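Residue numbers (the numbering used here): 546 to 1014.
Heads up, the beta-carbon is just placed ideally off N, CA and C, and yes, glycines get one too.
Quick caveat: nothing in here was measured; it's all calculated off a predicted structure.
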Ligand code: NAD
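So this is what it looks like as structure tokens:
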């Protein structure tokens, strides 16, 4: 469904109308477009608080891009080591700066108490207004759960409030702000996450906090144009909407994709399979025989599986007092129980290969709750609990994560009443709905072979929706 307001405000008449009336003025988001597109271009400014742990990795990852990298200088509270390992040039962050930055990256991992928090202000205050449209703010901290002292845990947790507030300030430019919390000695695991959060692939991921831990798997950097080459994915609910976009994106990244949907959607499913060179599998995931049917297919046709994406989902909305029991049962069965049973079968038969990925599609309704969606929100909240628990028990580099989409432009949201649809679109920092590809790109990052330290996360793809925490 196209957002006519977004198109209108980006015309010259529209720009002056919304400015006169004080209406939201969303910027057209730049999304990833071509295989040879670098993850970041333009001028990038990096900085760090004292004792940074990730600055070296940040420097070497940025050095693989064509960006002009600068490190902040001229402030004693900022660490000089921000330039470590990079081709960064010093830049005094004072009133004389005249360039626009495509990204501001700050390593806050060394912050150990509230006094150190001042480094955030010192770095960002002089340059935040120099962030370009569609720019990126990325802060790297230490996971507060791994901090020994309360003062360190407090100041690391404080980064969350900082980043979420910055996201709200820069959103009107189409820019985003996100936070990566690393566990001790996990800094070598942030490569794929830096590339995702700094790139146009994360256009609609805003105000998010991601935890990255150590991993028992070592993976060499794959070919950047086809990071999933040689791997097999299963995507459920892939005949249309978000599922079709996930299948297309994983195939674009080199994966061999099995697309699954109900028999009634076979025509659309076959069209998706044909478009991406994948294989269709028709099956209702709530059938008692479905887990075995899927496992048999993956075993016989593919000899195993690397990525399982549980995207199939339904809404059956009614207020609780008006809800027929089959509405409740169907939402729980499709959105939650089927995922558990399919994974159980695939894992029991050891079909998910080492360094495998399980990705579940939750929803911001599962985080914030929603009127008329007690069944749906229960199922989508359950998905989050499932992911968090499974992350603790999976082995051999197999990760599990969830995405929680906000308002995404699909047939599901096109069917909403006008006022609810407009509210859903505008009530976020970017003042617009996301596209199915935004969810798909996030799943592509989870599935990247080098994302083995990313597990147990729930990342909202919602443009930093005002709804929920
Ligand atoms: P959609 O209705 O367009 O597509 C869902 C697909 O799942 C359909 O092709 C459908 O046939 C399939 N499906 C449903 N029940 C199935 C079953 N029993 N077995 C196999 N396949 C089944 O929905 P969408 O908007 O693309 O949403 C995809 C996922 O994203 C869902 O899990 C949804 O809850 C979630 N989500 C969507 C939004 C949004 O704004 N569109 C927001 C939050 C979460």
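Segments of 3+ residues assigned as beta strand (DSSP E) that fall wholly inside the region 598-685: Entirely contained in the region 598-685, the beta strand (DSSP E) runs reaching 3 residues are, in chain order, 613-618, 634-637 and 646-652.
Here's the rule I'm using: 16 or more other beta-carbon atoms within 10 Å means buried, otherwise exposed. How should residue 871 be labelled? For this step, residue 871 is matched to residue 326 along the chain shown. By the neighbour-count criterion, in which a residue is buried when 16 or more other Cβ atoms sit within 10 angstroms of its Cβ, residue 871 is exposed.
If you follow the beta strand (DSSP E) that residue 950 is in, where does it begin and where does it stop? Locating residue 950 in the chain shown gives position 405, counting from the first residue. Boundaries of the beta strand (DSSP E) around residue 950: 944-950.
Any contact of the region 738-749 with the region 706-717, i.e. 3+ C-beta pairs under 8 angstroms? Between the region 738-749 and the region 706-717, the count of C-beta pairs closer than 8 angstroms stays below three; the two stretches do not touch.
Just grab the DSSP bridge partners of residue 1010 for me. For the purposes of this step, residue 1010 is taken as the residue at position 465 of the chain shown. According to DSSP, residue 1010 bridges with 973.
Under DSSP, the alpha helix (DSSP H) around residue 815 begins and ends at which residues? Counting from 1 along the chain shown, the entry for residue 815 is found at position 270. Per DSSP, residue 815 belongs to the alpha helix (DSSP H) from 811-821.
Run the Cβ filter for me: residues under 6 angstroms from any heavy atom of the ligand NAD, listed in the order they occur in the chain. These are the residues, in chain order, with a beta carbon less than 6 angstroms from any non-hydrogen atom of the ligand NAD: 781, 782, 784, 785, 786, 787, 788, 806, 807, 810, 829, 830, 831, 856, 857, 858, 859, 879, 906, 908, 950, 952, 953, 955, 956, 957 and 958.
Which complete alpha helix (DSSP H) runs does the region 686-772 hold, if anything under 4 residues is left out? As far as the region 686-772 is concerned, its whole alpha helix (DSSP H) runs of at least 4 residues are 695-715 and 736-742.
Do residue 664 and residue 623 have their beta-carbon atoms positioned less than 8 angstroms apart in this structure? Residue 623 sits at position 78 when you count from the first residue of the chain shown. Residue 664 sits at position 119 when you count from the first residue of the chain shown. Yes.
Keeping to the same chain, check which residues put their C-beta closer than 6 angstroms to that of residue 936; ignore five residues upstream and five downstream. Taking the first residue of the chain shown as 1, we reach residue 936 at position 391. The residues are 945, 1000 and 1001.
Three-way DSSP call (helix, strand, coil) for residue 1002 in this model: Position 457 of the chain shown, counted from the first residue, corresponds to residue 1002. Looking at residue 1002 - three-state DSSP - the assignment turns out to be coil, as it is neither helix nor strand.
Count the other CB atoms, across all protein chains shown, that sit within 10 Å of the CB of residue 958; report buried if there are 16 or more and exposed otherwise. Mapped onto the chain shown, residue 958 falls at position 413. Buried: at least 16 other Cβ atoms inside 10 Å.
Since I believe residue 791 is in contact with residue 784 (beta carbons under 8 angstroms), could you give me their beta-carbon distance rounded to a whole number of angstroms? Locating residue 784 in the chain shown gives position 239, counting from the first residue. Locating residue 791 in the chain shown gives position 246, counting from the first residue. Wrong, their Cβ atoms sit about 12 angstroms apart, outside the cutoff.
Please identify the residue among 658, 964 and 669 whose C-alpha is closest to the C-alpha of residue 637. Counted from its first residue, the chain shown places residue 637 at position 92. Residue 669 is the option with its Cα nearest to residue 637.
In terms of alpha-carbon separation, which member of 897, 704, 922 and 616 lies closest to residue 951? Here residue 951 is taken as the residue at index 406 of the chain shown, counted from 1. It is 922.
Residue 889 classed as buried or exposed, judged by whether at least 16 other C-beta atoms fall within 10 angstroms: To locate residue 889, count along the chain shown from 1; it is residue 344. By the neighbour-count criterion, in which 16 or more other beta carbons inside 10 Å mark a residue as buried, residue 889 falls on the exposed side.
Determine the burial state of residue 965: buried for a count of at least 16 other Cβ atoms within 10 Å of its Cβ, exposed for fewer. Against the chain shown, residue 965 aligns to sequence position 420. By the neighbour-count rule (16 or more Cβ atoms within 10 Å), residue 965 is not buried but exposed.
Going by beta-carbon coordinates alone, are residue 1008 and residue 974 separated by less than 8 angstroms? What you label residue 1008 is simply residue 463 of the chain shown in a count that begins at 1. What you label residue 974 is simply residue 429 of the chain shown in a count that begins at 1. Yes.
C-alpha distance - residue 618 paired with residue 592, whole-angstrom precision: Mapped onto the chain shown, residue 618 falls at position 73. Mapped onto the chain shown, residue 592 falls at position 47. Here the C-alpha atom of residue 618 lies approximately 8 angstroms from the C-alpha atom of residue 592.
Proximity below 8 angstroms, CB of residue 585 to CB of residue 737: Residue mapping note: residue 585 aligns to position 40 of the chain shown, counting from 1. Residue mapping note: residue 737 aligns to position 192 of the chain shown, counting from 1. With a cutoff of 8 angstroms on beta-carbon distance, residue 585 and residue 737 are scored as not near each other.
Quick check on this structure: which residue in 703, 684, 730 and 606 has the alpha carbon closest to the alpha carbon of residue 659? As a working note, residue 659 is residue 114 in the chain shown. Distances from the alpha-carbon of residue 659 to those of 703, 684, 730 and 606 put 703 closest.
Using the DSSP secondary-structure output, state which residues sit across from residue 902 in a beta bridge. Taking the chain shown and counting its residues from 1, the one referred to as residue 902 is at position 357. Partner(s): 852 and 944.
Boundaries of the beta strand (DSSP E) in which residue 801 is found, first to last residue: For the purposes of this step, residue 801 is taken as residue 256 along the chain shown, with counting starting at 1. Run containing residue 801: 801-806, per the beta strand (DSSP E) assignment.
Sorted by chain position, which residues of the same chain lie with C-beta nearer than 8 angstroms to residue 910's C-beta, five sequence neighbours on each side aside? Walking along the chain shown from the start, residue 910 turns up at place 365. Excluding residues up to 5 positions away in sequence, 918, 921, 922 and 925 lie with their Cβ nearer than 8 angstroms to the Cβ of residue 910 in the same chain.
Three or more C-beta pairs below 8 angstroms linking the region 590-606 and the region 752-759: Taking 8 angstroms as the limit for Cβ pairs, the verdict is that the region 752-759 does not touch the region 590-606.
How close, in whole Å, do the beta carbons of residue 853 and residue 897 come, if the pair is a contact with beta carbons under 8 angstroms? Here residue 853 corresponds to residue number 308 of the chain shown, with the count starting at 1. Here residue 897 corresponds to residue number 352 of the chain shown, with the count starting at 1. Indeed they touch by this definition, with Cβ atoms about 7 angstroms apart.
Along the alpha helix (DSSP H) that carries residue 588, what are the first and last residues, could you check? If you number the chain shown from 1, residue 588 lands on position 43. Following the DSSP letters along the chain, one finds residue 588 in no alpha helix (DSSP H) but inside the beta strand (DSSP E) bounded by residues 588-593.
Can you tell me where the beta strand (DSSP E) with residue 778 in it begins and where it stops? Position 233 of the chain shown holds residue 778. From DSSP, the beta strand (DSSP E) with residue 778 extends over 777-781.
Assess contact between the region 873-885 and the region 845-861, defined as three or more Cβ pairs (one per stretch) separated by less than 8 angstroms. Is contact present? The region 873-885 makes contact with the region 845-861, as at least three CB pairs between them are under 8 angstroms.
Whole-number beta carbon distance between residue 573 and residue 494, since they are thought to touch under 8 angstroms: With the chain represented from 546 up to 1014, any question about residue 494 goes unanswered, as that position is not in the structure.
Specify the secondary structure class of residue 979 as computed by DSSP and reduced to three states. To locate residue 979, count along the chain shown from 1; it is residue 434. Reduced to three states, the DSSP call for residue 979 is strand.
Measuring straight from C-alpha to C-alpha, what distance separates residue 716 and residue 839? Residue numbering aside, residue 716 sits at position 171 when the chain shown is read from its first letter. Residue numbering aside, residue 839 sits at position 294 when the chain shown is read from its first letter. Inter-residue distance for residue 716 and residue 839 is about 42 angstroms (C-alpha atoms, whole angstroms).
Using the beta-carbon count (16 or more within 10 Å), is residue 866 buried or exposed? In the chain shown, residue 866 corresponds to position 321, counting from 1. Exposed.
Go ahead and label residue 701 buried or exposed: buried means 16 or more other beta carbons lie within 10 angstroms of its beta carbon, across all protein chains shown. The residue you call residue 701 lines up with position 156 of the chain shown. Counting Cβ neighbours within 10 Å, residue 701 comes out buried, since at least 16 surround it.
Does DSSP classify residue 552 as helix, strand or coil? Along the chain shown, read from residue 1 onward, the residue named residue 552 stands at position 7. Reduced to three states, the DSSP call for residue 552 is helix.
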